[in-house]
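Here our numbering is used: position 122 in the sequence shown is 110, and no number is missing along the way.
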Amino acid sequence: MNVYEKLSKVQCGLKAPKSQYNSFGGYYYRNCEDIQEAAKQLLCEIGALLVLTDDLISIGDRYYIKATASFIDCETGEKIENTAYAREEISKKGMDSSQITGATSSYARKYALNGLFCIDDSKDSDSEENNNLTKAALISEFKSEIKRTGKSLAYFLKNSGVERIEDMGTDYLSSSVEALSKLPNKGE
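Next up, the structure:
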């Protein structure tokens, strides 16, 4: 079984019900830990690992957590990754700065796992807001990378088949940012 077949097996078999309840908002949800717990047995059965990492990214005067969920085949070392972003609040009542960062990390990781494992949270009250934040963060990071590298925006627009950055898909933006981040600064 190759890495894609293994990931497909986990995607098809994963059951992570919304067992957490938000009494303030009146809705059920699943968190990052629920998804990880649901994936453990399936990962063991097929010989795969799940690794979560975070990067802190500054965009303008705000900080974002870029969470990466890596699905790794233990036999071959091949991996498939998905990333998601969440913005740190400047302050949150009752939380110190480390708790704010931890909550933001957990939120970003949840959405990285959702993407990797094809978990649809479209009915969650926070999903539309998160998608808008994620796309806004990606657009900002994409613009920064274009400026830093001096690469042609027109190339990316043509390649994605759209006329405006805002019309690019999040997957395309994410892969473009990743590719640009590996390039040297303009003039180097």
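C-beta: ideal position from N, C-alpha, C; glycine also.
Q | Secondary structure of Leu40, DSSP reduced to three states | A | Sequence index remark: in the sequence shown, residue 40 carries index 52 (1-based). Strand at Leu40.
Report the CB separation of Val(-9) from Ile68 in whole angstroms; it is logged as a contact under 8 Å.
On the sequence shown, position 3 is the one that residue -9 refers to. On the sequence shown, position 80 is the one that residue 68 refers to. Yes, they are in contact, since the Cβ atoms of Val(-9) and Ile68 sit about 6 Å apart, within 8 Å.
| Hey, Leu171 and Thr137: beta-carbon distance below 7 Å or not? | Here residue 171 corresponds to residue number 183 of the sequence shown, with the count starting at 1. Here residue 137 corresponds to residue number 149 of the sequence shown, with the count starting at 1. Less than 7 Å divides the Cβ of Leu171 from the Cβ of Thr137.
First through last residue of the alpha helix (DSSP H) which encompasses Ala91: Working through the sequence shown from its first residue, we reach residue 91 at position 103. Boundaries of the alpha helix (DSSP H) harbouring Ala91: Ser85 to Phe105, taken from the DSSP string.
**Reduced DSSP category for Ser(-4) - H, G, I as helix; E, B as strand; rest coil** = Residue -4 sits at position 8 when you count from the first residue of the sequence shown. It is helical.
Pull up the CB-CB distance for Ala55 and Ala27, whole angstroms please, since I reckon it's below 8 Å. Translated into the one-based positions of the sequence shown, residue 55 becomes position 67. Translated into the one-based positions of the sequence shown, residue 27 becomes position 39. Contact doesn't hold; Cβ gap of about 15 Å is too wide.
message = Going by DSSP in three states, Asp159 sits in which element: helix, strand or coil?
response = Against the sequence shown, residue 159 aligns to sequence position 171. Looking at Asp159 - three-state DSSP - the assignment turns out to be helix.
- Within this structure, are the beta carbons of Ser86 and Cys20 separated by less than 7 Å? In the sequence shown, counting from the first residue as 1, residue 86 sits at position 98. In the sequence shown, counting from the first residue as 1, residue 20 sits at position 32. Between Ser86 and Cys20, the CB-CB gap reaches or exceeds 7 Å.
Original post:
Is Phe130 helix, strand or coil by DSSP?
Top reply: Translated into positions along the sequence shown, residue 130 becomes position 142. The answer is helix: DSSP assigns Phe130 an H, G or I state.
Look at the alpha carbon of Lys49 and the alpha carbon of Ile153, and state the distance between them as a whole number of angstroms. Residue numbering aside, residue 49 sits at position 61 when the sequence shown is read from its first letter. Residue numbering aside, residue 153 sits at position 165 when the sequence shown is read from its first letter. Looking at the sequence shown, residue 49 is not Lys but Asp. Approximately 21 Å, taken between the alpha carbons.
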